[in-house]
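A short write-up of the structure that comes next.
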Amino acid sequence: MMAEGRRMQSIRSPWAATFDQFAGSIRNSAIIAAPFITRAPVERLVAKLGIRRRSVRLNLLTNLAADNAISGSLDVGALAWLCERVPNTVVRHLRYLHAKAYVADERLAIVTSSNLTNGGLYRNHELGLAITAPPAVKDIVDNLTEYGNLGVLVPCDDLTDLGMLVRRAQEQQNFANQFAPGVAGTKYQAIVNRIDERLVQLRTAGEEFAINPKRSITAQLADAVKYVLRVQGPLPTSEINPLVRDLKPELCDDEVDRVINGQSFGKRWKHDVRNAQQQLKRDGLIVLENRRWRLV
Numbered sequence: 001m002m003a004e005g006r007r008m009q010s011i012r013s014p015w016a017a018t019f020d021q022f023a024g025s026i027r028n029s030a031i032i033a034a035p036f037i038t039r040a041p042v043e044r045l046v047a048k049l050g051i052r053r054r055s056v057r058l059n060l061l062t063n064l065a066a067d068n069a070i071s072g073s074l075d076v077g078a079l080a081w082l083c084e085r086v087p088n089t090v091v092r093h094l095r096y097l098h099a100k101a102y103v104a105d106e107r108l109a110i111v112t113s114s115n116l117t118n119g120g121l122y123r124n125h126e127l128g129l130a131i132t133a134p135p136a137v138k139d140i141v142d143n144l145t146e147y148g149n150l151g152v153l154v155p156c157d158d159l160t161d162l163g164m165l166v167r168r169a170q171e172q173q174n175f176a177n178q179f180a181p182g183v184a185g186t187k188y189q190a191i192v193n194r195i196d197e198r199l200v201q202l203r204t205a206g207e208e209f210a211i212n213p214k215r216s217i218t219a220q221l222a223d224a225v226k227y228v229l230r231v232q233g234p235l236p237t238s239e240i241n242p243l244v245r246d247l248k249p250e251l252c253d254d255e256v257d258r259v260i261n262g263q264s265f266g267k268r269w270k271h272d273v274r275n276a277q278q279q280l281k282r283d284g285l286i287v288l289e290n291r292r293w294r295l296v
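Numbering-wise, full-length UniProt numbering puts 98 at position 98 of the sequence shown, and it's gapless, one number per residue.
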């Protein structure tokens with residue numbers, strides 16, 4: 001994959017053979033970030049892992065938005081199958097993920113324009129870089145890990161359930177296109193809403209949220225604020241808010257006032273972000289100087 005002695009090398013289309021080498025080189029862990037993922041490349045990945053699939057830790061970042069899944073750009077069923085075949089797979093949903101990156105064992109990083117699809121591997125004109133310089137690889141790993149941890153954790157069983165909803169939506173969409181746009185369209189939108197609601201429920205899953213939802217939301221938004229300030233530097237609240245909203249869209253919706261376990265979220269999210277900032281200030285992690293927040 002990399003010429004001897006080189007720390008960076010360009011990757012050009014088609015790059016399926018390079019992907020096979022990447023997958024075959026994974027020994028202990030891997031990170032894959034791609035908003036679009038389809039079945040055939042997932043099967044290639046599992047095949048190249050071979051018996052190591054039972055022990056490899058795979059961190060998968062993708063975009064499970066309903067439109068991606070229903071259009072087929074993201075095969076939710078393939079992700080559920082992957083979790084079964086590679087048991088130590090962790091899938092996280094990030095609505096605004098656009099990066100495509102593939103990391104093997106924190107020693108090789110491929111940053112490319114290619115999604116994990118047949119089009120990306122074979123047909124599309126893609127361009128990328130394979131990087132082995134340790135500081136650069138570590139920087140990519142750290143960024144993907146921190147960004148990924150802000151996403152929605154989606155367990156295997158929930159992927160299976162989401163896959164069933166996606167198939168129902170596709171059936172309703174096909175029916176609407178052919179026979180009854182008004183009636184079937186309403187049913188279709190109801191299923192789409194269920195997919196969106198399920199992702200919100202997963203965002204607020206866990207014992208901590210069940211015990212104290214307000215504290216849990218403050219902690220999640222505090223993590224987002226810290227990430228924004230680490231990446232962007234000192235910012236006023238007015239500039240922090242939209243960046244946090246894009247990181248936690250399930251909790252920061254100006255259109256919907258969600259009520260979860262009796263706790264209201266949604267339209268009041270900016271108030272919750274302010275609470276998170278104040279908590280970080282009390283903890284000595286951020287300070288306000290000249291109307292800009294910065295990390296300590």
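Yeah, the Cβ is synthetic: ideal placement off N, Cα and C, and Gly gets one too.
- Around the CB of Phe36, 16 or more other CB atoms lie within 10 Å, so the residue is classed as buried.
- Residue environment analysis places Arg291 among the exposed positions, since fewer than 16 neighbouring C-beta atoms fall within 10 angstroms of its C-beta.
- In this structure, Leu150 lies near Leu247, with their beta-carbon atoms less than 8 Å apart.
- Residue burial annotation: Gly233 is exposed, with fewer than 16 other C-beta atoms found within 10 angstroms of its C-beta.
- By the neighbour-count definition (other C-beta atoms within 10 Å, threshold 16), Asn177 is an exposed residue.
- Beta-bridge pairing by DSSP links Tyr102 to Ile32, Ile110.
- If the five residues before and after Ala34 are omitted, its C-beta is found closer than 7 Å to the C-beta atoms of Thr62, Lys100, Asn115, Leu116, all from its own chain and listed in chain order.
- The segment 54-70 makes contact with the segment 84-93; the number of CB pairs closer than 8 Å reaches 3 or more.
- Non-local beta-carbon contacts of Ile286 in its own chain, meaning distances under 8 Å to residues more than five positions away in sequence, involve Val225, Lys226, Leu229, Gln277, Leu280, Trp293, Arg294, Leu295, Val296 in chain order.
- At a Cβ-Cβ threshold of 8 Å, Ala78 and Val46 do not count as neighbours.
- Exclusion of the five residues before and after Ala69 leaves Val76, Val166 as the residues of its chain whose Cβ lies within less than 6 Å of its Cβ.
- Each residue's CA atom was taken as its position, placing Gln173 and Gly185 some 7 Å apart.
- Here the segment 185-194 does not lie against the segment 130-146, with fewer than 3 beta-carbon pairs under 8 Å apart.
- DSSP links Val225 through a beta bridge to no other residue.
- In the DSSP assignment, Ile37 forms a beta bridge with Leu74, Leu116.
- Per the C-alpha coordinates, the member of Leu243, Ala222, Asp253 positioned closest to Gly284 is Ala222.
- In the DSSP assignment, Ala130 falls within the unbroken beta strand (DSSP E) covering 127-131.
- Ala17 counts as exposed, since fewer than 16 other beta carbons sit within 10 angstroms of its beta carbon.
- Of the residues Gln220, Arg7, Val154, Lys270, the one whose Cα lies closest to the Cα of Ile240 is Lys270.
- When C-alpha distances from Leu251 are compared across Thr237, Ile217, Val231, the shortest belongs to Ile217.
- Note: His93 is bridge-paired with Thr62, Val152 in the DSSP secondary-structure output.
- For Val296, the secondary structure class from DSSP, reduced to helix, strand or coil, is coil.
- For Pro249, same chain residues with a beta-carbon under 6 Å away, outside a window of 5 residues either side, are Arg95 in chain order.
- For Ser55, the three-state secondary structure derived from DSSP is coil.
- Arg268 sits in coil when the DSSP states are folded into three classes, being neither helix nor strand.
- Val86 places its beta carbon 8 Å or farther from that of Glu106.
- Burial state of Phe179 is exposed, judged by a 10 Å Cβ sphere holding fewer than 16 other Cβ atoms.
- With respect to the 8 Å criterion, Arg27 and Arg57 are not classified as neighbours on the basis of their beta carbons.
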